[in-house]
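Report on one structure; see the data block that follows.
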Amino acid sequence: MTDRTFAPHPGTSTTDVSPGDLSDGHWSLHWTDPAEGEAWSRAHDHHENHEHHEQHARRQRHRRRMRRLRRTVLFGVVLAALVYGLTDDLLTQVRLHAREVQLTSTESVRHATARLLAYTENLLRSTIANRNTDQGTLDALSAKLASDQQQLASAKQGLSAKMLDLSTLNTCVTGVRQAVADTQTGNQQGAISVLSSVSSACENLQGNSPGGPVYPFDFPDPDVILVGATYYGYGTNSAEGNIQIISSTDLVHWSPVGNALPNVPSWASPGATWAPSVADFGGRYLLYYAVHAGSGECISVAGSASPRGPFDDSSPGPIVCQPTLGGSIDPSPYFDGAGNPYLTWKSNAGSGQPETIWAQPLAPSGTSTAPGSSPSALLQPTQGWEGSVVEAPDMWDDAGTYFLFYSGNKWDSSSYAEGVALCDGPMGPCHKPLDQPIYASQSNLVSPGGGSVFIDTHGNPWIAFHAYLPGAVDYPNARLLFLRRVVLTGGVVQVGAAS
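In my numbering, the protein residues as written are 1109 to 1607.
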């Protein structure tokens, strides 16, 4: 302790100062009486010890209170956490249970909805099936009703026309039989007269429909020319004679004219003439045709001052004959742009050479080949549809472009058809721009071929050809005359419609 001297206030003795009046240890008293100072010191120490104990006790109480408070707070926190945890778990359980109940309800609704949807789909399919069945039944009944109505109308029409058809049929058949009988007895003029009288009846039996045959009798290998306003057609031998002639002014109605070639030359066999073709040589008409000469086939030419004939052939021999090549047939004359005449024909296969189409210049008179000339091969079979056959050539000059029409395959089969080649000039060479025919069997005709091109009164090109009717192919069925327009599009030739 720091010793300090305490001087009492005046009028005060040292005995009047108590230890509590002094601060703790800041002052040092010097008592006049040592015993009294010692007693005061003891009292002071006792007081300090008491204060110390009191402070210690207060601190202990404070610590206990704090411990109790902390325990209380901790307990409260734990209790609150526990209560919160229990409450949250309880709420979670409640929510989970509610979700489970909701999911169970939703799943039940989903299953019920799926069952309802499946039922609805089945009902819809059944309804659609029933509707389709009903519609199919209705359509079938409607079609049957329409068919019955059409059959009824046809029956009524047929009934009203039956007597007329029978009468027409009787007229046609009777006339044809009479023409055959006249031909067998050598009465050619009588046969021609009879056929002329019944041709209209026979045309009516065929229906006379657009695109159908324009002449009701057999007329193979046709060739048509225009002289003035009249068309003349020439065909292979039949009841009308060695070479048939028919005429028309509208390309629709055709009438027999007569026998174009009453007699054949002495070197030729009568009754075997075919594939005629006629050209005008300065007002004299020349008829080229194929004929049997001994054991072979050759080409001859006859002349007339009129396209109606008769044509006379007094030639000493054929104009063309190739016996080593199997014979020569199917002649067809033509002119180039300068008016020079040519002849094209076909040789049968022979001496190891296939069937070939030839061309050779003619003398200006047209009755012989040009002196010093020789034939040139234009075409041979090279395509599958031709079936090793090329025949019935017909050269057409369209403003300097030469088209060679020809037929391919067997004439008595449904594969017979018309083809075309493009030639660099009147003597070739020629090439085939297509790998197929330009005209083959149709719904109303079979085996078209033997075509020849001619120009109508309006300057339009046509092709005349023969064909069988469906279901009537090969001999003794007739090859009838058909006509079609020739169409040129971008240098490509096509066979068009009948009108």
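Backbone N, C-alpha and C fix where the C-beta goes; we use that ideal spot for every residue, glycine too.
Apart from the five residues on each side of it in sequence, which residues of its chain come closer than 6 Å, Cβ to Cβ, to Val1409? Leu1394, Tyr1396, Ile1427, Thr1475
Answer with buried or exposed for Val1497, where buried requires no fewer than 16 other C-beta atoms within 10 angstroms of its C-beta. buried
Excluding sequence positions up to five away, which residues of its chain have a Cβ less than 8 Å from the Cβ of Thr1432? Gly1458, Ser1459
Which term fits Leu1272, buried or exposed, when burial requires 16 or more other beta carbons within 10 angstroms of its beta carbon? Caution is warranted here: a pLDDT of 48 is assigned to Leu1272, below 50, making its placement in the model unreliable, and no coordinate value can be reported.
Inter-stretch contact (C-beta, 8 Å, three-pair minimum) for the stretch 1471-1485 and the stretch 1563-1574: no
Using the three-state DSSP reduction, which class does Glu1208 fall into: helix, strand or coil? helix
Measure the C-alpha to C-alpha separation of Lys1518 and Ala1525 and round it to an integer number of angstroms. 9 Å
Residues near Gly1425 in its chain [Cβ-Cβ closer than 7 Å; skip 5 each side]: Trp1375
Best match in Leu1451, Val1386, Ser1440 for proximity to Gly1417 [C-alpha to C-alpha]: Val1386
Val1185 in three-state terms, based on DSSP: helix
For Gln1468, the first and last residue of its enclosing beta strand (DSSP E): 1464-1469
What does a CB cutoff of less than 7 Å around His1539 pick up in its chain, not counting 5 residues either side in sequence? Ala1529, Leu1530
Would you call the stretch 1500-1520 and the stretch 1435-1455 in contact, with 3 or more CB pairs under 8 Å? yes
Rounded to the nearest angstrom, how far is the Cβ of Ala1606 from that of Leu1591, given a contact under 8 Å? 6 Å
Since Gln1602 is in the beta strand (DSSP E), which residue starts that stretch and which ends it? 1600-1603
Can you tell me the Cα-Cα spacing of Val1365 and Gly1349, whole angstroms? 11 Å
Secondary structure at Trp1493, three-state DSSP: helix, strand or coil? helix
Measure the C-alpha to C-alpha separation of Pro1378 and Ser1515 and round it to an integer number of angstroms. 26 Å
Bridge partners of Cys1429, per DSSP? Bridge partners of Cys1429: none, in fact.
By the DSSP assignment, the beta strand (DSSP E) with Tyr1547 in it spans what residues? Where Tyr1547 is concerned, there is no enclosing beta strand (DSSP E), given that its DSSP letter is neither H nor E.
Backbone CA spacing between Ser1481 and Val1595 [nearest angstrom]: 34 Å
Measuring only the C-alpha atoms, how far is Asn1345 from Thr1509? 33 Å
Among all the DSSP beta bridges, which residues are the ones paired with Cys1531? Tyr1510, Cys1538
For Val1601 and Trp1466, the rounded distance between their alpha carbons: 22 Å
Give the list of continuous beta strand (DSSP E) stretches no shorter than 3 residues that lie fully inside the stretch 1563-1589. 1569-1576
Residue environment, Pro1441, which counts as buried when at least 16 other CB atoms sit within 10 Å: buried
Less than 9 Å between the C-beta atoms of Gly1559 and Phe1513, yes or no? yes
My guess is that Gly1604 and Arg1593 are in contact by the Cβ rule of under 8 Å, so how many angstroms apart are they, rounded? 4 Å
With distance defined between alpha-carbon atoms, name the residue in Pro1462, His1400, Pro1479 nearest to Leu1470. Pro1479
At what residues does the beta strand (DSSP E) containing Leu1395 begin and finish? 1392-1401
Under the three-state reduction of DSSP, which class applies to Leu1596: helix, strand or coil? strand
Looking at the strands, I want to know which residues DSSP matches up with Asp1420. Gly1411
Does DSSP put Gly1434 in a helix, a strand or coil? coil
Beta-carbon separation of Asn1072 and Asp1421 under 9 Å? Only positions 1109 to 1607 of the chain appear in the structure, and residue 1072 is not among them; the question remains open.
Does the distance from the CB of Ser1555 to the CB of Asp1520 come in under 9 Å? yes
Where does Ser1385 fall in DSSP's three states? strand
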